[in-house]
Amino acid sequence: MSPRSTIAVLAALMLVLASGVRPCTAQPATAAVDDEAFEGPTPARPATDASPAAGGKAASSATQLPPAAALALLVPPPGSLSLGGTSGGRVERAAAIAPTGASRWAFMPHIPARHTTYGVEEMQGFLDRIGAAVRPCRRGAELRVGNISLAGGGPSPWHKSHQAGRDVDVAPMLLDRKGKSLQADDYVVLDKNGNSHDGSGRKFDAKCTLRLAQAIAEDTIAPVQHIFLSRGLRALLLREAKRSRLDEALAARIAEMVRQPSDSAPHDDHLHIRLYCSDQDRRWGCLDRGPMRGWVVRDDAGHARHVAQVASLASHEAVPVRRSATSLLGRLQTPLAVPALAARLLDVDADVRRLALQGLTALGDQAAAEAMLAALGRVDDDALAVQLFSVARRLRAASMLAAARALLVDPAVALRPLVRARAGEALMLQAIAALRGSQPSLPPEAVEPLVAAAQSELPAVQRAADEALQLATAHRPQPEGAAGEAARPASLSAAAAWAAFWQRNRTRPWTAWVGEGLHSRGIALLRPDAPARGDVPTLVAALRHPSPVVIVNAARLLSYLTGVQPVARAGVAAAWQAWFRKHRREYPAVAPAGQAKATATASRKAVRPAGKKKPRRR
83 MSPRSTIAVL
93 AALMLVLASG
103 VRPCTAQPAT
113 AAVDDEAFEG
123 PTPARPATDA
133 SPAAGGKAAS
143 SATQLPPAAA
153 LALLVPPPGS
163 LSLGGTSGGR
173 VERAAAIAPT
183 GASRWAFMPH
193 IPARHTTYGV
203 EEMQGFLDRI
213 GAAVRPCRRG
223 AELRVGNISL
233 AGGGPSPWHK
243 SHQAGRDVDV
253 APMLLDRKGK
263 SLQADDYVVL
273 DKNGNSHDGS
283 GRKFDAKCTL
293 RLAQAIAEDT
303 IAPVQHIFLS
313 RGLRALLLRE
323 AKRSRLDEAL
333 AARIAEMVRQ
343 PSDSAPHDDH
353 LHIRLYCSDQ
363 DRRWGCLDRG
373 PMRGWVVRDD
383 AGHARHVAQV
393 ASLASHEAVP
403 VRRSATSLLG
413 RLQTPLAVPA
423 LAARLLDVDA
433 DVRRLALQGL
443 TALGDQAAAE
453 AMLAALGRVD
463 DDALAVQLFS
473 VARRLRAASM
483 LAAARALLVD
493 PAVALRPLVR
503 ARAGEALMLQ
513 AIAALRGSQP
523 SLPPEAVEPL
533 VAAAQSELPA
543 VQRAADEALQ
553 LATAHRPQPE
563 GAAGEAARPA
573 SLSAAAAWAA
583 FWQRNRTRPW
593 TAWVGEGLHS
603 RGIALLRPDA
613 PARGDVPTLV
623 AALRHPSPVV
633 IVNAARLLSY
643 LTGVQPVARA
653 GVAAAWQAWF
663 RKHRREYPAV
673 APAGQAKATA
683 TASRKAVRPA
693 GKKKPRRR
């Protein structure tokens, strides 16, 4: 156990003993849990009427602690604390990093004036170790260090990252014209061959930079996730590893860690090194993004026990404890916290509910999205209900279609009375928007709930449902008698027209009623009730139609008939036209009797790039 962990445990134990109760543990009071067999946290129980103040019965012995003792368990230990990710995070109680006498490294001269010499405590020992490792490589070799973080972390003028005290820039080892080690006062931009761009004769020291990378890769005290470096310098580094016959496993480890970043400068003048979160900091909200290296050992079991303990404190009787625990669960951003955060969505305290929603939103995975939808029908907070559905929709929850269907078909069952009365219209409009945006065009199973929404007494819901149904079916509502439907009463409403349409078409293939809808809008398909491969040229031409309904449904049928979904970088029409120019021979135009000329014209128009005129003959 680290000194920081020991101090924290002793402090919490003293508070608990002073309160006269036993200390809190991660396991439930009803069962003994063996550490080696522990597989995860015990989910906090949902709120019940049995304990309205706490939002439910106690989930573990942690809920029996006095508030002061419970809150003490939610306070991080002393020392530096990296919170959040390296882009968007911060560092609390940052350590001032400085070279020690024996470490043989130094900050570049301009760095101290920037005040970017702060980081997590682990950074000090890390720099000391790798600085000492390169010292024997060559006479005069010395590590030069650039930015770490500001005292409180957060953004700086020089970096998008470097916000959580775990990033550090170091200069590659350099040689002068005579092949001697050189300590640069600033970064030197190097080309792919390792030569400086400024003509000074300085060059990349592959041998000593490899020794630096080796020291980084072998450091198990402060494991490193990334070494960002340009592709050219990386190639020189790996070539040196092969030439020097470096251990293959170690060389592979270096090759895995070193890469050129895809979202920033190429790093052709320095190495950007990123440490993993320490096990201690992970328990308080330090977040690692990106890959976990196979050789890095982490205390995942201890982390799971910590999450379980915090989850149990989230159902404590005291509101301040529930707020603090729920806030911490949200910062952890782990799927292990989802059950407890979902339970807190039903808490009687508005701040606890808000913190639970924030935590699930920050996690942003499918488990969080599904938890939000599951809670939708149980909450009495109308504003929270709207937020739950909105966030779950943005996260593309897998059961979004089912949730939207329930809201539109039977909102009285899907929502609590208070929520339905205050936010029913807003939620139904969101449900329609969710169905409308679920695919390039609406799936057939979305039609029935939209038909139900068209019967709503709310005018805004009626209008939204009507627009979505036109997009889904390519049809227009026909309240009055039309050709072929003279028997229908002229007073029939649009809602009733949609109901009648669905009654006639619900058992037919969706391609039939979409094809007929396009035909009614002037798209001459061979057989409107059975679109086929021969219609591909006509459908490609239809993508130039002014109506969005025609464009969306023509693209939908094209994907069905060809099995293709082209990438629409410059628009749907342009993507399909580019595809059709390559595959035109596979889809020859087939014209009905008497329409050969018109179909041939449609085929030529289909492959003509948008915005270009037909070339004149000379």
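Under the numbering used here, think of the first position of the sequence shown as 83, with each following residue one higher. Each residue gets a CB set at the ideal place from its N, CA and C atoms; glycine is no exception.
- Shown here, S143 sits in a helix according to DSSP, grouped into three states.
- Membership of D249 in the beta strand (DSSP E) is indicated by the continuous run D249 to V252.
- Listed in chain order, the non-local C-beta contacts of A494 below 7 Å within the same chain comprise R502, local neighbours out to five positions each way being set aside.
- In the three-state scheme derived from DSSP, where H, G and I count as helix and E and B as strand, K285 is classed as strand.
- S360 and M454 have their C-alpha atoms spaced approximately 31 Å apart.
- Residue pairing for A177: DSSP places it in a beta bridge opposite G201.
- Taking 7 Å as the cut-off, the beta carbon of L165 is found no closer than this to the beta carbon of R175.
- Judged by DSSP secondary structure, V157 falls outside any alpha helix (DSSP H); it is assigned neither H nor E.
- Separation of the CB atoms of L225 and R186 is rounded to 7 Å, and the pair is thereby assigned contact status at 8 Å.
- For L256, the beta-bridge partners assigned by DSSP are L264 and F286.
- In the same chain as A486, and ignoring 5 residues on each side of it, the C-beta atoms closer than 7 Å to its own belong to A513, A516, L517 and P531, in chain order.
- Cα atoms of T198 and L357: separation of roughly 16 Å, rounded to the nearest angstrom.
- Spanning the alpha carbons of I309 and R211 requires a straight line of approximately 16 Å.
- V491 and Q469 have their C-alpha atoms spaced approximately 21 Å apart.
- Here Q307 carries a strand assignment [DSSP, helix/strand/coil].
- From the listed residues D350, G376, L311 and S238, the smallest Cα separation to P305 is found for G376.
- Between the alpha carbons of M510 and R609 lies a gap of roughly 36 Å.
- About 10 Å separates the beta carbons of F189 and V250, which is beyond the 8 Å limit, so they are not a contact pair.
- Annotation: the continuous beta strand (DSSP E) that includes L353 extends over L353 to L357.
- By the beta-carbon neighbour count (other beta carbons within 10 angstroms, threshold 16), P373 is exposed.
- V227: not part of any alpha helix (DSSP H); member of the beta strand (DSSP E) spanning L225 to V227, first to last residue.
- R293 and H354 have their alpha carbons spaced roughly 16 Å apart.
- With at least 16 other beta carbons inside 10 angstroms of its own, I605 counts as buried.
- Here D431 is actually not in contact with R475; their C-beta atoms are around 26 Å apart, not less than 8 Å.
- As DSSP reads the structure, S164 sits in a beta bridge with V173.
- In this chain, W377 is not harboured by any alpha helix (DSSP H), its DSSP state being neither H nor E.
- DSSP places V654 within a helical segment (H, G or I) once states are collapsed to three.
- For A579, the uninterrupted alpha helix (DSSP H) segment begins and ends at A576 to N587.
- Three or more Cβ pairs drawn from the segment 417-433 and the segment 393-402 lie within less than 8 Å of each other, which places the two stretches in contact.
- In this model, G167 and A535 are separated by some 43 Å (Cα to Cα).
- Secondary structure note for W187: its beta strand (DSSP E) is the uninterrupted segment W187 to F189.
- Shown here for S641: same chain residues with a beta carbon closer than 7 Å to its own, the five before and five after excluded, namely Q647 in chain order.
- For H557 against F583, the beta-carbon gap comes to about 6 Å, under 8 Å, which counts as contact.
- In the three-state scheme derived from DSSP, where H, G and I count as helix and E and B as strand, N635 is classed as helix.
- Distance from the Cα of G314 is smallest, within the candidate group P194, A480 and D350, for D350.
- Note that the C-beta distance between A396 and T408 is below 7 Å.
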